[in-house]
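Trainee: In full-length UniProt numbering, the protein residues as written are 1 to 254. Idealized CB from N, CA, C, for every residue including glycine.
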Ligand code: ADP
Ligand code: MG
Ligand code: MG
């Protein structure tokens, strides 16, 4: 089973001509087949964690390690991370003008699998995955993220997740801005990859409502740049009832 290990991760960003430490020693282990939820107030550094794992150049790693099965993730290029089995869905996905969803998915699958999927199988695979996500077949011919609604962007993320079958998936605020129907469809997709037993998921969210549809094995409270508490699914219920206040007192988080 693949294991992602984050040890004492420290990350800074440059803002207003100053260097600001955002991640202050994050420790987390995610194994293939497990679902983890990271929950925390706005500004606590959740997206910074996702971007840092994705290798975004704005985020400087100043300490700690990230390994996937012992391999140094921080030394890998963005492509190498994907080939190693890491999938990162960003809170603000970028547009890819002139590239259709269908071509984008096939190129991604080729990169991750190391060979191009056989066209006939591939078309069927994509069609079936889109049906499961209640997506219009015409969607496959649209350009990636161009004019996508919030719900379409998230469905597209889950479509990638189901087709690419990564070892570890990191989903940042996959639930924000979704209506209840879209939330259910997206959650079902996450649950399907979980049931396959082959994917470890790190679900990053500010809201507790997605956890009515997805039952995480582990819940972590993120506050002021690190994990403040870890527990089982019951911790999410406590957060829903009590909010994040207990974790932010005296901290720099809003
Ligand atoms: P969250 O996702 O928990 O809401 P973020 O990781 O987006 O938190 O932000 C944490 C802190 O880091 C905030 O104070 C934010 O302004 C700052 N920050 C994050 N990314 C950048 C960036 N690219 N440039 C400047 N500041 C940033
Ligand atoms: Mg935020
Ligand atoms: Mg965020």
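Would you check if the distance between the CB atom of residue 223 and the CB atom of residue 37 is smaller than 8 Å?
Mentor: Here residue 223 corresponds to residue number 223 of the chain shown, with the count starting at 1. Here residue 37 corresponds to residue number 37 of the chain shown, with the count starting at 1. No.
Trainee: The alpha helix (DSSP H) spanning residue 153 covers which residue range?
Mentor: Numbered from its first residue, the chain shown carries residue 153 at position 153. It spans 150-164 - the alpha helix (DSSP H) in which residue 153 sits, taken as one unbroken run.
Trainee: For the alpha helix (DSSP H) containing residue 46, list its first residue and its last residue.
Mentor: Residue mapping note: residue 46 aligns to position 46 of the chain shown, counting from 1. Segment 46-54, the alpha helix (DSSP H) holding residue 46.
Trainee: Does the distance from the CB of residue 190 to the CB of residue 214 come in under 8 Å?
Mentor: For the purposes of this step, residue 190 is taken as residue 190 along the chain shown, with counting starting at 1. For the purposes of this step, residue 214 is taken as residue 214 along the chain shown, with counting starting at 1. It is a contact, given that the beta carbons lie within the stated cut-off.
Trainee: Going by beta-carbon coordinates alone, are residue 121 and residue 62 separated by less than 8 Å?
Mentor: Reading the chain shown from its first residue, position 121 is the one you call residue 121. Reading the chain shown from its first residue, position 62 is the one you call residue 62. No, the pair does not count as a contact, with Cβ atoms beyond the cut-off.
Trainee: Do you know how far the Cα of residue 111 is from the Cα of residue 73?
Mentor: Along the chain shown, one-based indexing puts residue 73 at 73. Along the chain shown, one-based indexing puts residue 111 at 111. Residue 73 and residue 111: Cα-Cα distance of roughly 17 Å.
Trainee: For residue 99, I'd like the list of residues in its chain whose CB is within less than 7 Å of its CB, leaving aside the five on either flank, ordered along the chain.
Mentor: Position 99 of the chain shown, counted from the first residue, corresponds to residue 99. If we look at residue 99 and ignore the five residues flanking it on each side, its Cβ neighbours are 143 and 144.
Trainee: Skipping 5 residues on each side, what residues in its chain have a beta carbon closer than 7 Å to that of residue 7?
Mentor: For the purposes of this step, residue 7 is identified with residue 7 of the chain shown, where counting begins at 1. Counting only Cβ-Cβ distances below 7 Å, and skipping sequence neighbours, we find 27, 64 and 65.
Trainee: Since residue 110 is in the alpha helix (DSSP H), which residue starts that stretch and which ends it?
Mentor: Counting from 1 along the chain shown, the entry for residue 110 is found at position 110. Run containing residue 110: 101-113, per the alpha helix (DSSP H) assignment.
Trainee: Give me whichever residues DSSP pairs with residue 89 in a beta bridge.
Mentor: Position 89 of the chain shown, counted from the first residue, corresponds to residue 89. In DSSP, residue 89 forms a bridge with 171.
Trainee: Between the beta-carbon of residue 88 and the beta-carbon of residue 170, is there less than 8 Å?
Mentor: Within the chain shown, numbered from 1, the residue matching residue 88 stands at position 88. Within the chain shown, numbered from 1, the residue matching residue 170 stands at position 170. Closer than 8 Å, so yes.
Trainee: Judging by CA-CA distance, which residue of 67, 68 and 47 is the nearest neighbour of residue 58?
Mentor: Translated into positions along the chain shown, residue 58 becomes position 58. Checking every option, the nearest Cα to that of residue 58 belongs to 47.
Trainee: Starting from residue 39, trace the beta strand (DSSP E) both ways and give me its first and last residue.
Mentor: Mapped onto the chain shown, residue 39 falls at position 39. Note, residue 39: beta strand (DSSP E), 35-39.
Trainee: Would you say the beta carbon of residue 38 is closer than 7 Å to some non-hydrogen atom of ligand 1?
Mentor: Counting from 1 along the chain shown, the entry for residue 38 is found at position 38. Not so, every heavy atom of ligand 1 lies at least 7 Å from the Cβ.
Trainee: For residue 119, is the classification buried or exposed, using 16 other Cβ atoms within 10 angstroms of its Cβ as the cut-off for buried?
Mentor: Position 119 of the chain shown, counted from the start, is the residue given in the question as residue 119. So residue 119 ends up on the exposed side.
Trainee: To the nearest angstrom, how far is it from the Cα of residue 80 to the Cα of residue 240?
Mentor: Mapped onto the chain shown, residue 80 falls at position 80. Mapped onto the chain shown, residue 240 falls at position 240. Their Cα atoms are separated by approximately 38 Å.
Trainee: Would you say the beta carbon of residue 24 comes nearer than 7 Å to a heavy atom of ligand 1?
Mentor: Position 24 of the chain shown, counted from the start, is the residue given in the question as residue 24. Not so, every heavy atom of ligand 1 lies at least 7 Å from the Cβ.
Trainee: Sorry if obvious, but does the Cβ on residue 46 come closer than 7 Å to a heavy atom of ligand 3?
Mentor: Working through the chain shown from its first residue, we reach residue 46 at position 46. Indeed, a heavy atom of ligand 3 lies less than 7 Å from the Cβ.
Trainee: Tell me which residues share the same chain as residue 206 and place their Cβ nearer than 8 Å to its Cβ, disregarding the 5 neighbours each side in the sequence.
Mentor: Position 206 of the chain shown, counting from 1, holds the residue named residue 206. Result list for residue 206: 39, 40, 41, 42, 46, 173 and 176, in chain order.
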